[in-house]
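Here numbering that gives the first Met the number 0 is used: the first residue of the sequence shown is 0, the next is one more, and so on. First comes the structure, then the notes that go with it.
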Amino acid sequence: MEARWRSSAKPVQAPKTTKTVSFEEVSGKASSSEALPLSLHLTNAVFFSLFFSVVYFLLSRWREKIRTSTPLHLVNLSEIVAIFAFIASFVYLLGFFGIDFVQSLILRPSTDLWNSEDEEENEALLRKEDARKIPCGQALDCSVTSAPIISAQKVVDEKLVKLTTEEDEEIIKAIVAGTTPSYSLESKLGDCKRAASIRREALGRITGKSLSGLPLDGFDYESILGQCCEMPIGYVQIPVGIAGPLLLNGKEYSVPMATTEGCLVASTSRGCKAIHLSGGASSVLLKDGMTRAPVVRFGTAKRAADLKFYLEDPENFETLAVVFNRSSRFARLQGIKCVIAGKNLYLRFTCSTGDAMGMNMVSKGVQNVLDFLQTDFPDMDVIGISGNFCSDKKPAAVNWIEGRGKSVVCEAIIKGDVVRKVLKTSVESLVELNMLKNLTGSAMAGALGGFNAHASNIVSAVYIATGQDPAQNIESSHCITMMEAVNEGNDLHISVTMPSIEVGTVGGGTQLASQSACLNLLGVKGASQESPGANSRRLATIVAGAVLAGELSLMSALAAGQLVKSHMKYNRLSKDVSKTSS
Ligand code: ADP
Numbered sequence: 000m001e002a003r004w005r006s007s008a009k010p011v012q013a014p015k016t017t018k019t020v021s022f023e024e025v026s027g028k029a030s031s032s033e034a035l036p037l038s039l040h041l042t043n044a045v046f047f048s049l050f051f052s053v054v055y056f057l058l059s060r061w062r063e064k065i066r067t068s069t070p071l072h073l074v075n076l077s078e079i080v081a082i083f084a085f086i087a088s089f090v091y092l093l094g095f096f097g098i099d100f101v102q103s104l105i106l107r108p109s110t111d112l113w114n115s116e117d118e119e120e121n122e123a124l125l126r127k128e129d130a131r132k133i134p135c136g137q138a139l140d141c142s143v144t145s146a147p148i149i150s151a152q153k154v155v156d157e158k159l160v161k162l163t164t165e166e167d168e169e170i171i172k173a174i175v176a177g178t179t180p181s182y183s184l185e186s187k188l189g190d191c192k193r194a195a196s197i198r199r200e201a202l203g204r205i206t207g208k209s210l211s212g213l214p215l216d217g218f219d220y221e222s223i224l225g226q227c228c229e230m231p232i233g234y235v236q237i238p239v240g241i242a243g244p245l246l247l248n249g250k251e252y253s254v255p256m257a258t259t260e261g262c263l264v265a266s267t268s269r270g271c272k273a274i275h276l277s278g279g280a281s282s283v284l285l286k287d288g289m290t291r292a293p294v295v296r297f298g299t300a301k302r303a304a305d306l307k308f309y310l311e312d313p314e315n316f317e318t319l320a321v322v323f324n325r326s327s328r329f330a331r332l333q334g335i336k337c338v339i340a341g342k343n344l345y346l347r348f349t350c351s352t353g354d355a356m357g358m359n360m361v362s363k364g365v366q367n368v369l370d371f372l373q374t375d376f377p378d379m380d381v382i383g384i385s386g387n388f389c390s391d392k393k394p395a396a397v398n399w400i401e402g403r404g405k406s407v408v409c410e411a412i413i414k415g416d417v418v419r420k421v422l423k424t425s426v427e428s429l430v431e432l433n434m435l436k437n438l439t440g441s442a443m444a445g446a447l448g449g450f451n452a453h454a455s456n457i458v459s460a461v462y463i464a465t466g467q468d469p470a471q472n473i474e475s476s477h478c479i480t481m482m483e484a485v486n487e488g489n490d491l492h493i494s495v496t497m498p499s500i501e502v503g504t505v506g507g508g509t510q511l512a513s514q515s516a517c518l519n520l521l522g523v524k525g526a527s528q529e530s531p532g533a534n535s536r537r538l539a540t541i542v543a544g545a546v547l548a549g550e551l552s553l554m555s556a557l558a559a560g561q562l563v564k565s566h567m568k569y570n571r572l573s574k575d576v577s578k579t580s581s
């Protein structure tokens, strides 16, 4: 009897072997084969040989009788013996395999899921499963398989509860042994919470490390399936604080900030207060276009230049836009900027993406255009849909100069009185500090878009709270903070110019419950009903407004020499204030 549980098809810790372990060995239950007088392999060999020999003998005799026209029912002694031997060996084999097969079905109802002979078979099964659902292997459908039925029944059937627990234990063992891939749990069980729980338990056993402190309950694991996170084992809690109200363009916003940095929310709130008392801030959206830049290669630089001229010719734009815009009803091509490096051409496509941050949307449009271009430029070799001239999640001058996502400028005039009473400093000190720190100091440091005090602090906290991609904090935090004394030196004009704020209010993590609640608080949840893109554009202006408040407050604390003091007050237990970002 071949084992259905391989102990080490791909062991996680143990060295690789081909030894097989029967299900009975694993479960400790009795097997029908234990009753055999000879060893299992010897008995099998005898009956297999007997079975095939008599089958061969009987078939030869049968053929001979047909050839000599002898009636088939006339049998001699050797044929009678052969028939008996055939029946005996057949009964043995049937009984042996049949009983074990039935045992395996009774004891492990989902044998098809956990009993693959080897990992290749398991993976093949998975690929087949996944292919039937959503492409790309990561999107798994929880709505199928028999497990939900078991889950529902266990509420009312105590016996079955025990069975499910035992089943979980078997699955955990299979994961630890490496015979069941952990990533397949969601699709196989059809219960994402149970999958996370089993994966977590298996991980604990494999690593020997405790996961207590990482919560499992209280999270909707179905909501992240195939979209936000694979192989979940829990979730990290980040507190959300509220800064504000931020008075921006005549409207008040309570800005949610997810952070573990003490002082940050309080400081931003103080900036909001100063802005509010001074009549509010105003912001202007200068540009709205997500980018993607594939790299293509030709045989010669001349051919690369041919495509560049073709793409930049205004006469071709309309055709290219039609092809590009087929990707989505929200994607609208705005332009293509090309740069050449030898025989290689980088095509930076820019398009509006409605309320989505737009990376998927722009990528689909770019793929359409590349497919279209292949007809006229068959010698074009597409090296990669992203050639880093986009440029996503990396510091790059192209974003700083050309913009990416939303380009926003936000300004406020802070009354001299407010600067003194709320910010505890003077207009003159702020202007001087800004010039020497944010402008000259950053220039000396060779900063790329980093002409600010701590824009990324506010950007990251708002991004995490509202379900944005936190990795895009890199270019989204590009910011130049300007300060100038106005109204005969009495008041302060402060502005932040941020060319690449990459935000969306649909797609990605924005639809998750907590993040969605934060977007709702700002009045920008989901797709705008009035005009597509209005919500994400407003969110970008709120981000810039919050950055303005953060800049104002931190710069004031620095100018007044208060930074160390306030950090000592809010983070005094554990924080090394020398490490605060400013
Ligand atoms: P991204 O392109 O930011 O990665 P998605 O791939 O999730 O985001 O695309 C957003 C999805 O939301 C698309 O399928 C799009 O059709 C849909 N959608 C619905 N309403 C809007 C809207 N107002 N703006 C943009 N996309 C929207």
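Even glycine gets a Cβ: it sits at the ideal position worked out from N, Cα and C. Treat the numbers as computed from the prediction; the structure is a model and nothing was measured.
Taking just the CA atoms, how far does residue j sit from residue i?
| i | j | result |
| --- | --- | --- |
| residue 461 | residue 543 | 11 Å |
| residue 167 | residue 196 | 9 Å |
| residue 492 | residue 548 | 13 Å |
| residue 303 | residue 330 | 26 Å |
| residue 457 | residue 311 | 38 Å |
| residue 94 | residue 170 | 28 Å |
| residue 324 | residue 377 | 22 Å |
| residue 240 | residue 272 | 16 Å |
| residue 561 | residue 406 | 32 Å |
| residue 280 | residue 527 | 23 Å |
| residue 29 | residue 74 | Since pLDDT at residue 29 reaches only 37, below the 50 mark, its modelled position is unreliable, and the value read off the structure follows with that caveat. Residue 29 and residue 74: Cα-Cα distance of roughly 42 Å. |
| residue 553 | residue 174 | 50 Å |
| residue 379 | residue 359 | 23 Å |
| residue 362 | residue 293 | 9 Å |
| residue 354 | residue 532 | 4 Å |
| residue 499 | residue 374 | 34 Å |
| residue 90 | residue 63 | 27 Å |
| residue 382 | residue 472 | 27 Å |
| residue 332 | residue 215 | 43 Å |
| residue 300 | residue 343 | 7 Å |
| residue 250 | residue 518 | 15 Å |
Would you check if the distance between the CB atom of residue i and the CB atom of residue j is smaller than 9 Å?
| i | j | result |
| --- | --- | --- |
| residue 289 | residue 356 | yes |
| residue 384 | residue 365 | yes |
| residue 408 | residue 327 | no |
| residue 504 | residue 525 | yes |
| residue 53 | residue 82 | yes |
| residue 88 | residue 56 | no |
| residue 245 | residue 254 | yes |
| residue 317 | residue 452 | no |
| residue 467 | residue 475 | yes |
| residue 464 | residue 266 | no |
| residue 369 | residue 558 | no |
| residue 490 | residue 426 | yes |
| residue 204 | residue 422 | no |
| residue 198 | residue 223 | no |
| residue 430 | residue 276 | no |
| residue 371 | residue 319 | yes |
| residue 480 | residue 437 | yes |
Exposed or buried, which one is residue i when buried takes at least 16 other CB atoms within 10 Å?
| i | result |
| --- | --- |
| residue 187 | buried |
| residue 536 | buried |
| residue 401 | buried |
| residue 185 | buried |
| residue 414 | buried |
| residue 72 | exposed |
| residue 183 | buried |
| residue 236 | exposed |
| residue 522 | exposed |
| residue 219 | exposed |
| residue 340 | exposed |
| residue 61 | exposed |
Can you check DSSP and say which residues form a bridge with residue i?
| i | result |
| --- | --- |
| residue 345 | 294, 338 |
| residue 492 | 412, 483 |
| residue 54 | Answer is none; residue 54 lacks a bridge partner. |
| residue 380 | 296 |
| residue 287 | 405 |
| residue 650 | Past the boundaries of the shown model lies residue 650; the chain is included only from 0 to 581, so the question cannot be answered. |
| residue 250 | 247 |
| residue 351 | 331 |
Considering only heavy atoms of the ligand PLP, does any lie closer than 8 Å to the CB of residue i?
| i | result |
| --- | --- |
| residue 469 | Because the ligand PLP does not appear in the structure shown, any question about it cannot be addressed here, the ligands present being the ligand ADP. |
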